[in-house]
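Chemist: Have a look at the structure that comes next, please.
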Amino acid sequence: STVVFLVVRISLAIQVLGTGLIFIDFYPRYGLVKGLGYSIFHSISAFCNAGFDLFDNSLVRFQTDPYLLFVLTILIISGSLGFLVWKDILFYHEDHRLSLHTKLALTTYLGIIVISFVVYMLTERNFSEGSHLTIFQRIMNTWFLSVTPRTAGFYTFPVTHISLGGAFFTMILMLIGGTPGSTAGGIKTTTVGILLIRVWATLRGKRDATFWGRRFSDDNVTRSLSLVFLVAVVLSIATLILTFTETIPKSEGLEYIMFDVVSAFGTTGFSLGLVAHLSVIGKLIFAVLMFMGRVGIFTVMYSLLTSKRPEDAFRYPEENVMIG
């Protein structure tokens, strides 16, 4: 169909362009054949937010290569924005308008990146392993860290070396993920955006959650709340079970399990070390978490719980209860 063809065209165009940009950096290092192969592989891996690499210890060897880090982050962002966003952007010249979905996705995505950059600059300001880097290189490594936790999973410094505050914030980013319809996992940026706007409207005493002259439907808000609640329950249950089935090193706390659980759901691939020592039960739990994070927890739950019978023809009376 036309839609599928457009998706393929956009994906191929971005990945081919990414391959060319990476090849500029890899050709002097690895030569023509190996450099081209590495360029193709890492362009696809970055765009698809897979996080696979052909080097030992991810991209640690490229800490001092701001150009490559920038190109990879652009590919990661391109893949995690989603097809609907790209479709709106590419056809903007025809109708000169963007859908509410695209406006919310772009605004939330940009906001999260800016906040992430500032937070990491603060939490990792005393990071000793980056002392050999120039100021610009530190800035680019922080920029890279601000983008990759949202599913891509590349790193230039092992996540086990970042601060406790940085690790906690990384968990938040892994949980959020990318945009619906993209290659990223997590609860998605639009979910976070809708909930933040709804909370802000409630605090101001407003009835509707509005954005760019449009009102979010009650169904949008309800689904967003339900999604966050379901994810919180699933991750909590998974963490609780793993505290019984797995062994936590004496030098570690509960974050040793929680970090990897969130990483599995966000399909990020970051780990504080738990994954390498999982029991059989632990591996099964992680497989389920990754499946839910990639396919979508609503899709999984609906397939298991949705009834074939028609909805009830009546509705019960409405009544309010105290909240908070």
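Positions 452 to 775 (the numbering used here) are the ones given, in order, by the sequence shown. The beta carbon of each residue, even a glycine, is placed where N, CA and C say it ideally should be.
Starting from Phe-716, follow the alpha helix (DSSP H) in both directions and report where the run begins and ends.
Modeler: 706 to 716
Chemist: Whose C-alpha, out of Val-522, Lys-639, Ile-613, Pro-517, is nearest the C-alpha of Phe-587?
Modeler: Pro-517
Chemist: By the 10 Å Cβ neighbour count, where 16 or more other Cβ atoms means buried, how is Tyr-767 classified, buried or exposed?
Modeler: exposed
Chemist: Taking the alpha helix (DSSP H) that Gln-588 falls in, what are its first and last residues?
Modeler: 586 to 598
Chemist: Below 8 Å on the Cβ atoms is my guess for Ser-531 versus Gly-629; work out the distance and round it to an integer in Å.
Modeler: Their Cβ separation, rounded to whole angstroms, is 3 Å, which keeps Ser-531 and Gly-629 in contact under 8 Å.
Chemist: Can you tell me where the alpha helix (DSSP H) holding Glu-545 begins and where it ends?
Modeler: Secondary structure note for Glu-545: its alpha helix (DSSP H) is the uninterrupted segment 543 to 546.
Chemist: What did DSSP end up calling Phe-456 once you bin it into helix, strand or coil?
Modeler: helix
Chemist: Relative to the alpha-carbon of Ala-497, which residue among Arg-512, Val-713, Leu-523, Leu-472 has its alpha-carbon at the smallest distance?
Modeler: Leu-523
Chemist: Whose CA, out of Val-672, Ile-461, Phe-595, Ile-491, lies closest to the CA of Ile-475?
Modeler: Of Val-672, Ile-461, Phe-595, Ile-491, the residue nearest in Cα terms is Ile-491.
Chemist: Sort Lys-554, Ala-715, Leu-624, Gly-502 by Cα distance to Ile-736 and report the nearest one.
Modeler: Selected option, being the one with the closest Cα: Ala-715.
Chemist: According to DSSP, simplified to helix, strand and coil, what is Phe-513?
Modeler: helix
Chemist: Would you mind sorting Ile-645 into buried or exposed? The rule is 16 or more other CB atoms within 10 Å of its CB.
Modeler: buried
Chemist: Tell me which same chain residues have a C-beta within less than 6 Å of the C-beta of Phe-534, skipping the five on either side of it?
Modeler: Scanning its chain for C-beta atoms nearer than 6 Å, with the 5 sequence neighbours on each side dropped, one finds around Phe-534 the residues Val-458, Gly-632, in chain order.
Chemist: How about Gly-744 and Gly-604: do their beta carbons lie closer than 9 Å?
Modeler: no
Chemist: If you compare alpha carbons, which of Ala-464, Ile-648, Asp-659, Leu-705 is closest to Ser-529?
Modeler: Ala-464
Chemist: Looking at C-beta atoms only, is the number of pairs between the stretch 610 to 625 and the stretch 585 to 602 that lie closer than 8 Å three or more?
Modeler: By the Cβ criterion, the stretch 610 to 625 is in contact with the stretch 585 to 602, since at least three pairs of Cβ atoms, one from each stretch, lie closer than 8 Å.
Chemist: Hey, how far is the Cα of Lys-734 from the Cα of Lys-657?
Modeler: 46 Å
Chemist: Return yes when the Cβ of Met-622 is within less than 9 Å of the Cβ of Met-709, no when it is not.
Modeler: Cβ distance < 9 Å, so Met-709 and Met-622 count as in contact.
Chemist: When the Cα atoms are used, what is the spatial distance from Met-625 to Leu-487?
Modeler: 31 Å
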